[in-house]
Every structure is written in C-alpha cells, then in structure tokens.
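Reading through the structure tokens given below for one structure.
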Ligand code: NAD
C-alpha cells in the first residue's frame with residue numbers, strides 16, 4: 031500500500047524528532063512492503079520566517095490532500111513577542127480546525143523500565159499503568175458563548191460549557207471503539223452532580239454503553255478522578271471526558287509517567303486522516319544539540335499507522351522496539367540523570383535495530 035504523509039516539522043527540536051520518526055516509518059515500510067511518501071510543509075515560526083504567517087494556505091491544502099499528518103512542534107523565543115494572532119502556536123488551532131479534528135487521544139503509559147522516573151510511590155506503580163485518555167477537542171467551555179457584562183456586583187466575565195447530543199455521541203463512539211481494541215474498559219469522567227451539560231454527557235454515555243455490551247463501563251466524577259489518577263492509576267484503561275476536564279487530567283496523567291519526551295498523541299476527526307504529534311513543545315533550550323528524545327514522535331507515528339492506516343502489527347512493532355530499547359537501559363539526555371546518554375540519532379538507531 032502507498033500512503034502519503036504530510037510532515038509539519040515546525041520549530042526547535044521539531045525537525046530532529048520528525049526526521050527520527052521518518053526513519054522508523056521507512057524501516058517499517060521496508061519490512062512490511064508499504065510505501066510511505068513524505069511531503070514537508072511549513073508551519074509555526076519557520077512559516078512566519080518564510081512567508082509571514084504561521085499556517086500558510088499551501089500547508090492546509092497539503093494536509094487535507096494527504097492520508098495523514100505528522101507534526102513536530104512549533105514556537106520559540108524568536109516569535110514570542112509577536113501578537114497572539116500571528117504567533118506560531120496559532121497554527122495548531124488552525125490546522126486542527128481545518129482538518130475537523132474533534133478527538134484527542136493521549137496515551138499515558140508507564141514503561142516498566144522507567145518506573146523510577148514516576149513521582150508516585152513504588153508500590154502504587156509496581157505493575158505500571160497504561161491509560162488512554164479520549165478528550166473531546168472542539169466543544170465545551172473552550173468554544174462556548176463567552177463575554178463580559180455588568181452583573182450584580184459590577185463587572186463580571188463568563189464562559190459557557192455547552193455540549194450537543196451529536197458532539198457527545200461521536201466522542202462516546204470513539205471511546206468505546208478504542209476500548210474494544212484495548213482492555214475493554216471505559217470510565218467516563220464528568221461533573222454530573224453539579225453541571226447540566228455533564229448530566230446530558232452521562233445520559234448519552236450510558237446509551238452508548240448499551241450498544242457495547244462487551245465493554246465494562248462506569249462513571250466517575252472529575253474531582254474523584256483527579257485523586258484516583260494518583261492513588262491507583264492502574265485501574266484506568268480508556269478514559270473519556272470533555273475538552274476542559276481532558277485538558278487538565280491528561281496533563282496530570284502525563285506527569286505521572288515521568289517524562290514529557292515519551293508521550294505521543296493523536297487528533298482525529300470523521301475521516302481516517304489524523305494529526306499525530308508528541309505532547310511536548312519545541313524545546314528551544316536543546317534544539318540543535320542532538321539531545322531531544324524522539325520517542326514521543328516515533329510513538330506518534332506508530333499511532334498514525336494504527337488509527338489512520340489500520341496497521342496494528344506495524345504499530346506494535348514500534349511500541350515493542352521502544353520497550354526493548356528502554357529495557358536494555360538505553361537513555362536519552364532527559365532520562366539520563368547526568369549519566370552518559372545517547373543522542374537523538376543514536377537512540378533512533380537502537381530502535382531501528384529492534385524492528
Ligand atoms: P517544551 O515541552 O518545549 O519544553 C519543556 C521542557 O521539556 C524543556 O526543558 C525541554 O528541553 C524539555 N523537553 C521537551 N521535549 C523534549 C524532548 N523530546 N526531549 C528532551 N527534552 C524535552 O515546553 P516549553 O519550554 O514550555 O515551550 C517551548 C516552546 O514550545 C514554546 O514556544 C511553546 O509555546 C511551544 N509549545 C508548542 C507545543 C506544540 O507545538 N504542540 C506544545 C507546547 C509548547
């Protein structure tokens with residue numbers, strides 16, 4: 031099969047880590063007989079420098095014409111003083127909107143070899159954990175009606191949480207379908223004891239659960255979920271939640287894995303085309319020093335194989351290769367605690383050897 035992949039390398043360490051992921055995809059292609067064709071487009075600060083805007087029209091068109099998109103990261107001090115609308119980060123919202131991406135999948139997995147990186151007590155993470163957070167990405171309070179007005183006590187500001195049946199149904203379906211490919215458990219997180227929007231969310235989650243009898247389903251209030259994530263993270267398999275709750279809980283979950291350089295993500299819409307990127311930023315402090323950990327981007331490329339192209343065996347190869355390299359004790363600078371470490375290219379070589 032031939033797959034056209036748009037590459038948005040971006041700024042800082044973006045080009046280095048995307049190059050590593052491309053090498054891994056090429057190895058997978060050679061092993062399984064797939065042809066991956068890569069086309070690079072400008073985004074972020076690099077696009078501002080070249081053509082004066084963070085998300086050029088050609089980039090949007092190229093992404094929409096591709097089978098899927100791999101993104102490095104955008105931003106850096108060079109562009110920090112630009113007004114909000116012209117900043118590199120603006121391109122992220124723009125490309126997500128242009129591609130109609132309403133789901134954000136964020137796995138938070140503790141690799142057994144990295145247990146010591148986890149800030150939780152050893153007995154809590156003895157058996158590791160592997161959570162998939164399914165966050166609604168284009169609705170809720172971040173997109174609801176907002177404004178300033180004069181209220182009972184003078185000036186006040188408001189933001190509105192609003193979810194439609196359609197928005198909840200489609201994210202519920204993603205969560206249950208995701209669970210079918212994993213350990214068949216879904217926990218939906220809401221604030222149904224207080225919020226009307228959460229009560230509709232919960233009602234529709236229950237309706238959807240009835241269509242997936244093989245998936246074990248439960249609800250959890252968001253305040254309790256924040257505690258349970260650090261008390262017993264291994265209880266979670268798939269977590270589905272709203273835009274704001276997902277924003278906060280996915281950052282909490284990423285923190286307990288211990289390393290920002292390890293965590294991939296996928297943003298998905300109605301079609302198979304997705305946007306895959308590491309959760310970290312452009313790390314300008316280490317750009318060009320061969321110190322970047324490319325694993326989050328390599329795992330993001332693996333998620334692309336699984337979710338956009340249905341290549342589960344190929345994705346498993348990547349995940350297993352990363353597991354093996356970490357288990358063998360190889361570390362990048364962010365995980366080395368001052369001990370000798372492998373460069374971005376060297377750790378990529380080790381992963382390639384395992385595929
Ligand atoms: P960051 O994630 O770039 O860096 C935070 C810290 O983690 C830094 O010390 C960095 O060196 C380290 N780090 C991050 N990724 C790493 C990796 N793969 N390997 C090793 N170390 C890694 O966050 P920041 O410093 O707050 O932001 C830097 C720039 O990135 C800013 O311009 C910000 O707006 C942008 N940003 C972009 C995205 C994105 O493109 N999706 C996300 C977050 C931040």
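Residue numbers (our numbering): 31 to 385. Even glycine gets a Cβ: it sits at the ideal position worked out from N, Cα and C.
- Taking 7 Å as the cut-off, the C-beta of residue 122 counts as close to a heavy atom of the ligand NAD.
- Proximity of the beta carbon of residue 321 to the ligand NAD is indicated: a heavy atom of the ligand is located closer than 7 Å.
- Relative to residue 190, the option among 198, 260, 347 and 169 whose CA is nearest is 169.
- Here DSSP, grouped into helix, strand and coil, assigns residue 138 to strand.
- Within its own chain, the residues whose Cβ lies closer than 7 Å to the Cβ of residue 311, once the five positions on either side in sequence are excluded, are 103 and 105, listed in chain order.
- Burial is judged here by how many other beta carbons sit within 10 angstroms of a residue's own beta carbon; residue 288 has at least 16 and is buried.
- In the DSSP assignment, residue 132 falls outside any beta strand (DSSP E) and carries neither an H nor an E.
- Counting along the chain, the unbroken beta strand (DSSP E) around residue 250 starts and ends at 246 to 251.
- For residue 205, the closest of 332, 248, 182 and 223 by C-alpha to C-alpha distance is 248.
- Taking every protein chain shown into account, the CB of residue 183 has fewer than 16 other CB atoms within 10 angstroms, so this residue is exposed.
- DSSP links residue 176 through a beta bridge to 189.
- Membership of residue 266 in any beta strand (DSSP E) is not indicated, and neither H nor E is assigned to it by DSSP.
- When rounded, the separation of the alpha-carbon atoms in residue 174 and residue 148 is 36 Å.
- DSSP places residue 111 outside any beta strand (DSSP E), giving it a letter other than H or E.
- The beta carbon of residue 275 lies closer than 7 Å to those of 219 and 252 in the same chain, with the five residues before and after it left out.
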